[in-house]
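Residue numbers (the working numbering): 1266 to 1499.
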Amino acid sequence: MPITTIAFDADDTLWQNEQFIRLTEQRFADLLRPYADATDLNERLSAASVRNLAFYGYGMKGFTLSMIETALEVTEHRVPGTVIAELLAAGRELLSYPIETLPYVDQALTQLQQSHRLILITKGDVIDQERKLAASGLAEYFAAIEIVPDKTAAVYARIFARHTDGAERTVMVGNSLRSDILPALEAGSFAVYVPHEMNWSHEHADEPVNNPRYARITHLGELAETLAQLDAQG
Ligand SMILES: [Mg+2]
1266 MPITTIAFDA
1276 DDTLWQNEQF
1286 IRLTEQRFAD
1296 LLRPYADATD
1306 LNERLSAASV
1316 RNLAFYGYGM
1326 KGFTLSMIET
1336 ALEVTEHRVP
1346 GTVIAELLAA
1356 GRELLSYPIE
1366 TLPYVDQALT
1376 QLQQSHRLIL
1386 ITKGDVIDQE
1396 RKLAASGLAE
1406 YFAAIEIVPD
1416 KTAAVYARIF
1426 ARHTDGAERT
1436 VMVGNSLRSD
1446 ILPALEAGSF
1456 AVYVPHEMNW
1466 SHEHADEPVN
1476 NPRYARITHL
1486 GELAETLAQL
1496 DAQG
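As structure tokens, this is what we get:
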């Protein structure tokens, strides 16, 4: 049975995202360095971000709160209000960065929408994800758009049941092994991993081995051919 639906991740699969977070992390470290002895400011921030996922979910608002929390922590609550104001401004900037689609995205979506149903599955703040999607100009390619708080096998199963001909006829395409590949495979779909040069360490996981429903490509220009191969194997 051929694959009829292609589900795409958005951040760092269709457009750049992580690079803006890295720039903000640098700004965070530059702002805090005069007030804190800690040399591992970015590690402390990353740890706070992971710790806070359970409270705030994925997205820029939670990241901003984690910057403030870490600033308080590393300065033993002595961080000046002016620095907090700068961190809030940096967080707001993250909610308005320009959308830059990744190479081959437009060609791949234009080509594949003629043969497949395309859907988008992204996690994070709804307002932020909707802004990025609108700014990307890519929304028209997708028959369905799902913005979810987290990407688990159960979430994929629900989305596949609602929008596809079944998980076994669906492929999930994304840059995160942890969020896009492993849970989608667990839900019964195919999965194609497109690594991005910048990945948050939290999103890392071991790559599947000897799984006929899994493939790895270097960019979306390779997707059509890889889907034909997966169809032949699956
Ligand atoms: Mg992503």
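Ideal placement from N, C-alpha and C gives every residue a C-beta, glycine not left out.
**Report entry** Where glycine 1439 falls: helix, strand or coil (DSSP)
**Finding:** For the purposes of this step, residue 1439 is taken as the residue at position 174 of the sequence shown. It is a strand residue.
Query raised in the report: When you compare only the Cα positions, how much space is there between threonine 1304 and glycine 1439?
Result: As a first step, residue 1304 is located in the sequence shown; it is residue number 39 there, counting from the start. As a first step, residue 1439 is located in the sequence shown; it is residue number 174 there, counting from the start. About 33 Å.
Requested in this report: For threonine 1289, I'd like the list of residues in its chain whose CB is within less than 7 Å of its CB, leaving aside the five on either flank, ordered along the chain.
Outcome: Against the sequence shown, residue 1289 aligns to sequence position 24. For threonine 1289, where only same-chain residues beyond five positions count, the Cβ hits under 7 Å are Ala1355, Leu1359.
Query raised in the report: Just how far apart, CA to CA, sit phenylalanine 1455 and methionine 1266?
Result: What you label residue 1455 is simply residue 190 of the sequence shown in a count that begins at 1. What you label residue 1266 is simply residue 1 of the sequence shown in a count that begins at 1. For phenylalanine 1455 and methionine 1266, the distance between alpha carbons rounds to 12 Å.
Query raised in the report: Beta carbon of asparagine 1440: closer than 7 Å to some heavy atom of ligand 1?
Result: Sequence index remark: in the sequence shown, residue 1440 carries index 175 (1-based). The answer is yes for asparagine 1440.
Query raised in the report: ligand 1 heavy atoms versus the CB of aspartate 1276: any closer than 7 Å?
Result: Here residue 1276 refers to the residue found at position 11 when the sequence shown is read from its first residue. Yes - ligand 1 has a heavy atom lying nearer than 7 Å to the Cβ of aspartate 1276.
**Report entry** Test item: CB-CB of valine 1436 and alanine 1272 under 8 Å
**Finding:** Position 171 of the sequence shown, counted from the start, is the residue given in the question as residue 1436. Position 7 of the sequence shown, counted from the start, is the residue given in the question as residue 1272. In this structure, alanine 1272 lies closer than 8 Å to valine 1436 by Cβ.
Report task. Just grab the DSSP bridge partners of glutamate 1283 for me. Result -> Counted from its first residue, the sequence shown places residue 1283 at position 18. Glutamate 1283 is not bridged to any residue.
Requested in this report: Below 8 Å on the Cβ atoms is my guess for leucine 1442 versus alanine 1409; work out the distance and round it to an integer in Å.
Outcome: Your numbering for residue 1442 matches position 177 in the sequence shown. Your numbering for residue 1409 matches position 144 in the sequence shown. With a Cβ gap of about 24 Å, leucine 1442 and alanine 1409 do not count as contacting.
Report task. Take glycine 1453 as the anchor and find which of Ile1424, Ala1336, Trp1465 has the nearest alpha-carbon. Result -> Position 188 of the sequence shown, counting from 1, holds the residue named residue 1453. The shortest C-alpha separation from glycine 1453 is found at Ile1424.
Query raised in the report: Just how far apart, CA to CA, sit aspartate 1390 and serine 1311?
Result: Taking the first residue of the sequence shown as position 1, residue 1390 is located at position 125. Taking the first residue of the sequence shown as position 1, residue 1311 is located at position 46. Each residue's alpha carbon lies about 18 Å from the other.
Requested in this report: Mind checking which residues open and close the alpha helix (DSSP H) that includes tyrosine 1321?
Outcome: In the sequence shown, the residue the question calls residue 1321 occupies position 56. Element bounds for tyrosine 1321: 1306-1321.
Query raised in the report: CA-CA distance, alanine 1400 and threonine 1366?
Result: The residue given as residue 1400 occupies position 135 in the sequence shown. The residue given as residue 1366 occupies position 101 in the sequence shown. Between alanine 1400 and threonine 1366, the C-alpha separation is close to 10 Å.
Query raised in the report: Under a three-way DSSP split, which group does tyrosine 1406 fall into?
Result: Numbered from 1 along the sequence shown, position 141 holds the residue referred to as residue 1406. Residue state, collapsed to three classes: helix.
**Report entry** Residues of its chain near leucine 1353, where Cβ-Cβ distance is below 8 Å and the 5 sequence neighbours each way are ignored
**Finding:** Here residue 1353 is taken as the residue at index 88 of the sequence shown, counted from 1. Here the set comprises Thr1329, Ile1333.
Report task. Kindly list the residues whose CB is nearer than 6 Å to the CB of alanine 1404, restricted to its own chain and excluding five residues on each side of it in sequence; keep chain order. Result -> To locate residue 1404, count along the sequence shown from 1; it is residue 139. Only Leu1398 meet the Cβ criterion.
Query raised in the report: beta strand (DSSP E) containing threonine 1270: first to last residue?
Result: Numbered from 1 along the sequence shown, position 5 holds the residue referred to as residue 1270. Threonine 1270 -> beta strand (DSSP E) spans 1270-1273.
Query raised in the report: So, helix, strand or coil for isoleucine 1446, using DSSP?
Result: Within the sequence shown, the letter at position 181 stands for residue 1446. Of the three classes helix, strand and coil, the one that applies to isoleucine 1446 here is helix, per DSSP.
Query raised in the report: Quick one: what's got a C-beta closer than 6 Å to aspartate 1277's C-beta in the same chain, skipping five residues either side?
Result: Your numbering for residue 1277 matches position 12 in the sequence shown. Excluding positions up to five away in sequence, the list reads Glu1283, Asn1440, His1461.
Requested in this report: Could you tell me the boundaries of the alpha helix (DSSP H) in which isoleucine 1418 lies?
Outcome: Your numbering for residue 1418 matches position 153 in the sequence shown. The displayed chain sequence assigns alanine, not isoleucine, to residue 1418. 1418-1428 is the span of the alpha helix (DSSP H), which, as asked, contains alanine 1418.
Query raised in the report: For leucine 1279, which option in Val1370, Ile1392, Asp1393 has the closest C-alpha, if you only look at C-alpha atoms?
Result: As a working note, residue 1279 is residue 14 in the sequence shown. When only C-alpha atoms are compared, the closest one is Val1370.
Requested in this report: Return the residue from the list Asp1496, Gln1494, Tyr1458, Arg1292 that minimises the CA-CA distance to glutamate 1351.
Outcome: For this step, residue 1351 is matched to residue 86 along the sequence shown. Ranking the options by Cα distance to glutamate 1351, first place goes to Arg1292.
Query raised in the report: From which residue to which residue does the alpha helix (DSSP H) around alanine 1489 run?
Result: Locating residue 1489 in the sequence shown gives position 224, counting from the first residue. Taken as a continuous stretch (DSSP letters only), the alpha helix (DSSP H) holding alanine 1489 covers 1488-1498.
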